[in-house]
Amino acid sequence: MKKKVLSALVCAGLAGVLLAGCGSSSTDSSVASSTEDASSSKTYRIGICQLVQHEALDAATEGFQAALIDKLGKEHVEFDVQNASGDSATCSTITNQFVADGDDLILANATAALQAAASSTGDIPILGTSVTDYATALDISDWTGTVGSNISGTSDLPPLDQQADLIKELFPDATTVGILYCSAEPNSVYQADNMTTYLEELGYQVEIYTFADTNDVASVTQSACDGSDVLYIPTDNTAASCMETISNVATPANTPAIVGWEEGLNSTCAVATLAISYYDLGYQTGEMAYEILVNGADITTMAVETSPNVAKKYNADNCKTFGVSVSDEFEAYEVSEE
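Positions -20 to -1, 1 to 318 (mature numbering (1 follows the signal peptide of the UniProt record, and there is no 0)) are the ones given, in order, by the sequence shown.
Okay, structure coming up:
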């Protein structure tokens, strides 16, 4: 009799344990499910500070937004897109407002925007794009490829040695290359210094022509055309926004230009470039944002990325105008009608 009672108690105990286990499993599953639902229902707010409106920066912003919409769905991301109209102080006002609004992430489109965002917050993740040299922009002396704080992003730096080779390929008989850029943009100074070294190694004489702002672009361009066989214009936001002015001087002067960004080929003086796609660069930056926001990637360890794809692009009409011949390696650039 005692054995039967003991057996019954043991069975009852086991049944209780099994039922408790089932209840726990069901509860855990419900918690996990509710957590996933909460995550999938979150709407991320992202502030975008773009230094100035021109085709390259516009394309980067569009690519960034497209990546996050593709990955999150349009209903789960809100963009506050602000344009600083080329003014660094306005960049600071914009990024300070993003911080006050409690945005989940800031996209800084161009160097001045990145510098402003970096000064505004050390907590909110910041991704830069259309920034050439992060070390110069952020005054980092021991650059290792990673900023190491709340900042990462993508660089639009084209392979400068290959840009110099491009000039040699298309203008083998030229003697003087004029480098034209805005002295207020540190990334342009970096590019000009390095291009000077590469071009001098190829046997060119290099002359530097800088303008302080948009007011003296035409006069400085005229001086550059007077003293150069060909111009090199690096990835420079002020120059990019003034390409019509530059072309209005350079084209009548019969002085062709190699430019550092693809959209510069929309001008009438630019013949070729070693191009990256700013849309693709922005999209790549958007993918980084997704990793940070959704997958919890540690931005402090995220290396600054560059575009994996470059291509030789040329403007067929401009090459004809300046009598420049290109090889089959070059892709024809489709000039925007806008």
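Just so you know, even glycine gets a beta-carbon here, dropped at the ideal spot from N, CA and C.
Residue i to residue j, Cα distance in whole Å?
i: Y184; j: M282; result: 39 Å
i: D8; j: T280; result: Residue placement at D8 is flagged as unreliable, the pLDDT there being 45, under the threshold of 50; the coordinate-derived value follows with that caveat. Spanning the two alpha carbons is a distance of roughly 33 Å.
i: T201; j: I226; result: 6 Å
i: M175; j: D141; result: 7 Å
i: L87; j: D60; result: 10 Å
i: L146; j: P152; result: 10 Å
i: V197; j: L160; result: 9 Å
i: P139; j: S65; result: 28 Å
i: A144; j: A69; result: 34 Å
i: A237; j: C299; result: 10 Å
i: T23; j: S305; result: 52 Å
i: I106; j: T194; result: 29 Å
i: L37; j: M223; result: 14 Å
i: Q33; j: E58; result: 20 Å
i: I256; j: K292; result: 9 Å
i: S21; j: S132; result: 26 Å
i: Y178; j: E242; result: 21 Å
i: S307; j: E314; result: 17 Å
i: V290; j: D67; result: 30 Å
i: V274; j: A230; result: 48 Å
i: D136; j: F310; result: 20 Å
i: C71; j: S221; result: 17 Å
i: K54; j: A172; result: 41 Å
i: K51; j: G108; result: 19 Å
i: H56; j: S199; result: 49 Å
i: L150; j: L211; result: 12 Å
Compare the beta carbon distance of residue i and residue j with 8 Å and say whether it is the shorter of the two.
i: G244; j: I213; result: yes
i: A115; j: C29; result: no
i: G158; j: A90; result: no
i: T253; j: V239; result: yes
i: Y258; j: S110; result: yes
i: A93; j: N167; result: no
i: D119; j: Y170; result: no
i: E35; j: N246; result: yes
i: Q264; j: T134; result: yes
With a threshold of 7 Å, establish whether the CB of residue i neighbours any heavy atom of the ligand PLP.
i: T281; result: Ligands are entirely absent from the displayed structure, and the ligand PLP is therefore not among its contents.
For residue i, which residues of its own chain have a beta-carbon under 6 Å away from its beta-carbon, when the five flanking residues on both sides are left out?
i: E165; result: D216
i: G266; result: F44, A47, L48
i: A39; result: Y258, Y259
i: N63; result: Q30, Q33
i: S316; result: N246
What does residue i pair with, by DSSP beta-bridge criteria?
i: T109; result: N89
i: N63; result: Q30
i: G266; result: Paired residues: none, contrary to the question.
i: L118; result: None, per the DSSP bridge assignment.
i: I238; result: Y212, A252
i: I188; result: I159
i: A291; result: A255
i: V57; result: Y24
i: A312; result: Y294
i: E181; result: In DSSP, E181 forms no bridge with anything.
i: S135; result: V111, T286
Give every residue of the same chain whose Cβ lies closer than 8 Å to the Cβ of residue i, excluding the five residues on either side of it in the sequence, and list them in chain order.
i: G102; result: S129, N130
i: G82; result: R25
i: T155; result: Y184, Q185, D209
i: F302; result: N234, P236, V251
i: C162; result: S168, T190, F191, A192, D193, D216, N217, T218, A219
Once you ignore the five residues that flank residue i on each side, which residues in its own chain have a CB closer than 7 Å to its CB?
i: I104; result: V79, D83, L85, I86, N130
i: A277; result: E271
i: A312; result: Y294, A296
i: L182; result: A144, K148
i: T41; result: I28, Q30, V61, N89, G262
i: S19; result: With a pLDDT of only 48 at S19, under the threshold of 50, the placement of this residue in the model should not be trusted; the figure read from the coordinates follows. Excluding residues within five positions, none has a Cβ falling inside 7 Å.
i: E180; result: V186
i: N76; result: S100
i: G207; result: T156, G158, E187
i: A12; result: Reliability fails at A12, whose pLDDT of 39 lies under 50, so the model's placement of it is uncertain and no value is given.
_Across the segment 215 to 227 and the segment 263 to 280, are there enough close Cβ pairs to call them in contact, namely three or more that are closer than 8 Å?_
Contact fails between the segment 215 to 227 and the segment 263 to 280, because fewer than three Cβ pairs, one in each stretch, are under 8 Å apart.
_Between the segment 286 to 298 and the segment 116 to 124, can you find at least three pairs of beta-carbon atoms closer than 8 Å?_
With a cut-off of 8 Å on Cβ pairs, the segment 116 to 124 is not in contact with the segment 286 to 298, counting fewer than three such pairs.
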